[in-house]
Amino acid sequence: MDIEIAIKQPFSLTSVVNSHGWVQLRPFSWVSDTGILRYIDKLPTGSTAEYEISATETGVHVSVLGAENAQERSSIEERVSWMLAAEQDMSGFYKLAAGEPKLNRAVTNVQGRILRSATVFEDVLKTMLTTNTAWSGTIRMVNTLIDLYGNPLQEDAAVCAFPTPTRLANSSEAELRERARLGYRAPYVLELARTVDSGELELEAYKQTTLSTQELRTQLLAIKGIGAYAAANLLMLLGRYDYIPIDSWALKTVSAEWFNGETVNKDQVEQVFERWGDWRGLVYWFWDYSNDG
DNA sequence: GGTAGACCTGGACGC
DNA sequence: GCGTCCAGGTCTACC
Numbered sequence: 013m014d015i016e017i018a019i020k021q022p023f024s025l026t027s028v029v030n031s032h033g034w035v036q037l038r039p040f041s042w043v044s045d046t047g048i049l050r051y052i053d054k055l056p057t058g059s060t061a062e063y064e065i066s067a068t069e070t071g072v073h074v075s076v077l078g079a080e081n082a083q084e085r086s087s088i089e090e091r092v093s094w095m096l097a098a099e100q101d102m103s104g105f106y107k108l109a110a111g112e113p114k115l116n117r118a119v120t121n122v123q124g125r126i127l128r129s130a131t132v133f134e135d136v137l138k139t140m141l142t143t144n145t146a147w148s149g150t151i152r153m154v155n156t157l158i159d160l161y162g163n164p165l166q167e168d169a170a171v172c173a174f175p176t177p178t179r180l181a182n183s184s185e186a187e188l189r190e191r192a193r194l195g196y197r198a199p200y201v202l203e204l205a206r207t208v209d210s211g212e213l214e215l216e217a218y219k220q221t222t223l224s225t226q227e228l229r230t231q232l233l234a235i236k237g238i239g240a241y242a243a244a245n246l247l248m249l250l251g252r253y254d255y256i257p258i259d260s261w262a263l264k265t266v267s268a269e270w271f272n273g274e275t276v277n278k279d280q281v282e283q284v285f286e287r288w289g290d291w292r293g294l295v296y297w298f299w300d301y302s303n304d305g
């Protein structure tokens, strides 16, 4: 199955893919030589499909393996559009960025959209697995979860989609601790999977929510394992940019950029970006730091 | 409302 | 090869 998706311009697939570390986490993969983004997705119909997404003049072309009917086609269009933030109007950000030399790179490279997983559940869980661990630990935990609980592609059983809430809800805390090596995060992951699976927590509704950012943040913070940093990160993924995901990297980077390397706190980071209003999260994210990393 | 300490893992380091 | 220390956010108990 082949699908063409139109995306609001300007748009750069490469910039979306490289917007953050998500592309390094399965079931994403990216071959920069060919410019093809791969993703394995478990569809609501129950089928597991593989997408090969490439750029076109007006958006993207999606070559699909593992899905056949019209219902699945429509679902894939919707999910890929969400993953690439196709519907987002970034003109406000570019207008603001035009007057700031440190955001020239963002404008030139058409940065601004942030790569998302097909489901909010996957993004919340992955965000949970970024906290209090090195990036290598996040990669390891995501890999293990997919290997143990992922949904295999019919055409190639070695290739799996991210586990569904139902699959994880049927595991146990001991299994998540000992086999998946999630450590103290195991009960948080299990609770997330169970509340989503039971319908108590409707994460996918956040894709179209009319809640204010404040209300949305309050709901995200109510999820065990999601604190201030993780909630701000998720708000960015949901297209709300008025909170900054302040982690240890942010403290170091802001210190080097504005405070001559002196130790800074969370309030000082927030003060630096306050003037950028509702776009401050994106400004923080795509700022051309002098000492990047 | 603010803060200290526990949580868990893997990697770096010294012996 | 073994033991120790450290980095990384969030939660809970306590003040």
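So in this note's numbering, spot 268 of the first sequence is number 280, and the numbers just go up one at a time. No residue lacks a Cβ here, since even glycine has one placed at the ideal position from N, Cα and C.
For this session: State the Cα-Cα distance for the pair leucine 165 and isoleucine 158, rounded to the nearest angstrom.
Result: 12 Å
Exercise. Residue range of the alpha helix (DSSP H) that lysine 219 falls in?
Worked result: Lysine 219 -> no alpha helix (DSSP H), and no H or E assigned at all.
For this session: Say whether the stretch 284-302 touches the stretch 241-248, bearing in mind that this needs 3 or more beta-carbon pairs closer than 8 Å, one atom from each stretch.
Result: yes
For this session: For valine 43, name the three-state secondary structure that DSSP assigns.
Result: strand
Problem set entry | Extent of the continuous alpha helix (DSSP H) to which alanine 98 belongs | Here alanine 98 belongs to no alpha helix (DSSP H), and DSSP marks it neither H nor E.
Exercise. With 16 other CB atoms within 10 Å as the buried threshold, where does arginine 229 fall?
Worked result: buried
For this session: May I have the straight-line CA-CA distance separating glycine 305 from asparagine 81, to the nearest angstrom?
Result: Below a pLDDT of 50, predicted positions are generally treated as unreliable, and glycine 305, at 45, falls in that range; no measurement from the model is reported.
Exercise. Could you give the distance in angstroms between the alpha-carbon of glutamate 167 and the alpha-carbon of glutamate 62?
Worked result: 10 Å
For this session: Compare the Cα-Cα distances from glutamate 212 to each of Gln231, Leu194, Gln220 and report the closest residue.
Result: Gln231
For this session: Name the residue from Thr60, His32, Asp300, Leu25 whose alpha carbon lies nearest to the alpha carbon of threonine 46.
Result: Leu25
Problem set entry | Range of the contiguous alpha helix (DSSP H) that encloses glutamate 269 | 260-270
Exercise. Hey, how far is the Cα of alanine 192 from the Cα of methionine 140?
Worked result: 14 Å
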